[in-house]
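Take my numbering: the final residue in the sequence shown is number 461, and no numbers are missing along the way.
C-beta: ideal position from N, C-alpha, C; glycine also.
First comes the structure, then the notes that go with it.
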Amino acid sequence: FRSVRGALLLSTLGGDIDAILASERWGIIRIFLVSAGVMLLLSLLFAGTIAEPMRRLAEAAERVRRGVKSRQEIPDFSDRQDEIGHLSGALRDMTSALYNRIEAIEHFAADVAHELKNPLTSLRSAVETLPIARDDCARGRLLRVIQHDVGRLDRLISDISDASRLDAELARADMEIVDVSAVLQTVVGLAQEVGRGDGVEIALDVVGTAPFGDARRRWRIFGHDSRLAQVFDNLIDNARSFSAAGGRVQVTLRAERALGPGGQLLEGYEIVVDDDGPGIPADAFERIFERFYTDRPEQGFGQNSGLGLSISRQIVEAHNGRIRAMNRTKAEPEGVDRRRPGDVVLGARFVLWLPAAR
104 FRSVRGALLL STLGGDIDAI LASERWGIIR IFLVSAGVML LLSLLFAGTI AEPMRRLAEA
164 AERVRRGVKS RQEIPDFSDR QDEIGHLSGA LRDMTSALYN RIEAIEHFAA DVAHELKNPL
224 TSLRSAVETL PIARDDCARG RLLRVIQHDV GRLDRLISDI SDASRLDAEL ARADMEIVDV
284 SAVLQTVVGL AQEVGRGDGV EIALDVVGTA PFGDARRRWR IFGHDSRLAQ VFDNLIDNAR
344 SFSAAGGRVQ VTLRAERALG PGGQLLEGYE IVVDDDGPGI PADAFERIFE RFYTDRPEQG
404 FGQNSGLGLS ISRQIVEAHN GRIRAMNRTK AEPEGVDRRR PGDVVLGARF VLWLPAAR
């Protein structure tokens, strides 16, 4: 039978409940305060290590845009191994390239002004003298001077126009697969057909049929075929102009590995253009690639603009290649980078290297 035997009463004091709630409340408050302190410290840390460098970089970029400060004012955070360091390095490189381009444009403008001033001065002198010429012979000489200077100005303006738009054209045009062997064969074939009556022989030798052991690659590179043809044509024409009557211009194409910017070995193709002319002066192996440099005393003053090799190097470097000049000598038939006493110069040699398409 069920029956009530007794009763159990459980109770607690109200103050204990309040104390427990207060304890929990203060625990939450302490966690909040600690979290807020940590967040504040992190904010200060981020402000000092991220926001402040970003602000300085933004201000420096704005100063460069306005032209207020020079490239040295870009903060250098390249010692940091994070995105800020990478951004700083990229901005400094971009600014350096920008100022280099501005300086190149200024130098080019100065060179153009100098080169145009010479024939203009001669032309002005001839025009001013023509009305007071005493006889037909003197007038004929002055007219020939005027004709010569006008022709020189026309060549200069054409080459300057080509050089000035070259960068933009190479940047806009998309590179495509180009068969270097086919381009060379076309250029050499045209040079053989369009003779000058000088009896200079132009020969092409393609060394090997399977570059780097892969017949499918077929001398392929990424580039602009028309601009590469311009380089090859300029080198062949240059070699031909320095060769004696009945001489020979030898063009050789072969596979060749070369060191890249990072020291890695890259596959590519080497084009060598040899002539049997007088060679290159020992101090001019690099100068011949400067704008408006020319050394053709036998052709007379003003016959060449001196921009051909400069444009050629510009095109080659846009294709991530390189070009250099040297002399062929009897002591070093493979070519040397400097003329040594006692060496017999057999002619000039231009060596062009282009990276292979991958």
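Roughly how many angstroms lie between the CA atoms of Glu370 and Leu259, to the nearest whole one?
-> By 1-based counting over the sequence shown, the position of residue 370 is 267. By 1-based counting over the sequence shown, the position of residue 259 is 156. Their Cα atoms are separated by approximately 37 Å.
Does the separation of the CB atoms of Thr355 and Val375 fall below 8 Å?
-> By 1-based counting over the sequence shown, the position of residue 355 is 252. By 1-based counting over the sequence shown, the position of residue 375 is 272. Contact flag set, yes.
Beta carbon of Asp397, beta carbon of Gly409: below 8 Å?
-> The residue given as residue 397 occupies position 294 in the sequence shown. The residue given as residue 409 occupies position 306 in the sequence shown. For the sequence presented, residue 397 should be read as Thr rather than Asp. Taking 8 Å as the Cβ cut-off, Thr397 and Gly409 qualify as a contacting pair.
Mark Ala122 as exposed unless 16 or more other C-beta atoms lie within 10 angstroms of its C-beta, in which case mark it buried.
-> If you number the sequence shown from 1, residue 122 lands on position 19. Exposed is the call here.
In chain order, which continuous runs of the alpha helix (DSSP H) of length 4 or greater are located wholly inside the stretch 233-286?
-> 239-267, 269-275
Taking just the CA atoms, how far does Met429 sit from Leu449?
-> Position 346 of the sequence shown, counted from the first residue, corresponds to residue 449. Position 326 of the sequence shown, counted from the first residue, corresponds to residue 429. Roughly 11 Å between the two C-alpha positions.
On the three-pair Cβ rule with 8 Å, is the stretch 421-428 touching the stretch 339-354?
-> no
Can we say the stretch 291-298 touches the stretch 242-255, given the rule of at least three CB pairs closer than 8 Å?
-> No, because fewer than three Cβ pairs between the stretch 291-298 and the stretch 242-255 fall closer than 8 Å, the two stretches do not touch.
At which residues does the alpha helix (DSSP H) containing Ala342 begin and terminate?
-> Residue mapping note: residue 342 aligns to position 239 of the sequence shown, counting from 1. Element bounds for Ala342: 328-345.
What residue does the beta strand (DSSP E) around Gly371 start on, and which one ends it?
-> Here residue 371 refers to the residue found at position 268 of the sequence shown. Segment 368-377, the beta strand (DSSP E) holding Gly371.
Helix, strand or coil at Leu112 according to DSSP, with G and I counted as helix | Within the sequence shown, residue 112 is the residue found at index 9, counting from 1. Coil, per DSSP.
Tell me whether Asp308 sits in a helix, a strand or coil according to DSSP, three-state version.
-> Counted from its first residue, the sequence shown places residue 308 at position 205. The answer is strand: DSSP assigns Asp308 an E or B state.
Which one of Leu219, Ala164, Glu206, Ala332 has the shortest CA to CA distance from Gly192?
-> For the purposes of this step, residue 192 is identified with residue 89 of the sequence shown, where counting begins at 1. Gly192 has its Cα closest to that of Ala164, out of Leu219, Ala164, Glu206, Ala332.
Can you tell which of Pro234, Arg431, Phe388, Tyr372 has the C-alpha that lies nearest to the C-alpha of Trp456?
-> For this step, residue 456 is matched to residue 353 along the sequence shown. Cα-wise, what sits closest to Trp456 is Tyr372.
Within the same chain, show all residues whose beta-carbon is closer than 6 Å to that of Phe395, passing over the 5 residues directly before and after it, in chain order.
-> On the sequence shown, residue 395 is found 292 positions in, with the first residue counted as 1. Once the five neighbours on either side are set aside, the close Cβ partners of Phe395 are Asp214, Glu218, Gly409.
Can you say whether Val447 is buried or exposed, counting buried as having 16 or more other CB atoms within 10 angstroms of its CB?
-> Counted from its first residue, the sequence shown places residue 447 at position 344. That one is exposed.
Give the DSSP-derived three-state secondary structure of Phe180 in the structure shown.
-> Numbered from 1 along the sequence shown, position 77 holds the residue referred to as residue 180. Coil.
Interface flag, Leu147 vs chain B, CB-CB below 8 Å = As a matter of chain content, chain B is missing from the structure shown, which is built from one protein chain.
Give the DSSP-derived three-state secondary structure of Val454 in the structure shown.
-> Position 351 of the sequence shown, counting from 1, holds the residue named residue 454. Reduced to three states, the DSSP call for Val454 is strand.
CA nearest to the CA of Phe392, picked from Gly411, Gly382, Leu124 | Here residue 392 refers to the residue found at position 289 when the sequence shown is read from its first residue. The option with the nearest alpha carbon to Phe392 is Gly411.
Whose CA, out of Phe325, Ile263, Asp301, Cys240, lies closest to the CA of Ala276?
-> Here residue 276 corresponds to residue number 173 of the sequence shown, with the count starting at 1. Looking at the Cα atoms, Phe325 is the closest of the given residues.
With DSSP collapsed to three states, give me the class of Phe404.
-> Working through the sequence shown from its first residue, we reach residue 404 at position 301. Residue placement at Phe404 is poorly supported in this model, since its pLDDT is 47, which falls under 50; the coordinates are not used for a value here.
Identify, in the order they occur along the chain, each residue of the same chain with its Cβ nearer than 8 Å to the Cβ of Phe404, setting aside the five sequence neighbours on each side.
-> Stepping through the sequence shown from its first residue, residue 404 is reached at position 301. Residue confidence for Phe404 is low, a pLDDT of 47 falling below 50, so the modelled location carries little weight; the figure read from the coordinates is stated next. For Phe404, where only same-chain residues beyond five positions count, there are no Cβ hits under 8 Å.
Whose C-alpha, out of Ala348, Gly366, Tyr202, Asp336, is nearest the C-alpha of Ser415?
-> Your numbering for residue 415 matches position 312 in the sequence shown. That would be Asp336, whose Cα lies nearest to the Cα of Ser415.
Could you please give me the residues that DSSP links to Glu127 through a beta bridge?
-> Within the sequence shown, numbered from 1, the residue matching residue 127 stands at position 24. Paired residues: none, contrary to the question.
Would you call Ala451 buried or exposed, if buried means 16 or more other Cβ atoms sit within 10 Å of its Cβ?
-> Here the question's residue 451 lines up with position 348 in the sequence shown. Buried: at least 16 other Cβ atoms inside 10 Å.
Throw me the rounded Cβ distance for the Ser181 and Gly188 pair, which I believe falls under 8 Å.
-> Sequence index remark: in the sequence shown, residue 181 carries index 78 (1-based). Sequence index remark: in the sequence shown, residue 188 carries index 85 (1-based). Confirmed, about 5 Å.
Same chain, Cβ closer than 7 Å to Pro222, five either side skipped, listed in chain order | Here residue 222 refers to the residue found at position 119 of the sequence shown. Here the set comprises Asp252, Arg255, Leu256, Gly405.
Do you know offhand how far Leu331's Cα is from Phe345's?
-> As a working mapping, residue 331 is identified with position 228 in the sequence shown. As a working mapping, residue 345 is identified with position 242 in the sequence shown. Taken atom to atom, the span from the alpha-carbon of Leu331 to that of Phe345 is near 22 Å.
Just the C-alpha distance for Ala385 and Arg427, rounded to the nearest angstrom, thanks.
-> Here the question's residue 385 lines up with position 282 in the sequence shown. Here the question's residue 427 lines up with position 324 in the sequence shown. Taking the straight line joining both Cα atoms gives about 13 Å.
Reducing DSSP to helix, strand and coil, say where Phe325 ends up.
-> Numbered from 1 along the sequence shown, position 222 holds the residue referred to as residue 325. In this structure, Phe325 counts as strand in the three-state DSSP scheme.
For Gly365, is the classification buried or exposed, using 16 other Cβ atoms within 10 angstroms of its Cβ as the cut-off for buried?
-> Counting from 1 along the sequence shown, the entry for residue 365 is found at position 262. The residue in question, Gly365, is exposed, as its Cβ has fewer than 16 Cβ neighbours within 10 Å.
Whose C-alpha, out of Arg195, Val297, Arg133, Phe453, is nearest the C-alpha of Glu389?
-> For the purposes of this step, residue 389 is taken as residue 286 along the sequence shown, with counting starting at 1. The residue with the shortest Cα to Cα distance from Glu389 is Phe453.
Contact test: Arg204 Cβ vs the ligand HEM heavy atom, cutoff 7 Å = This structure lacks the ligand HEM, and indeed carries no ligand of any kind.
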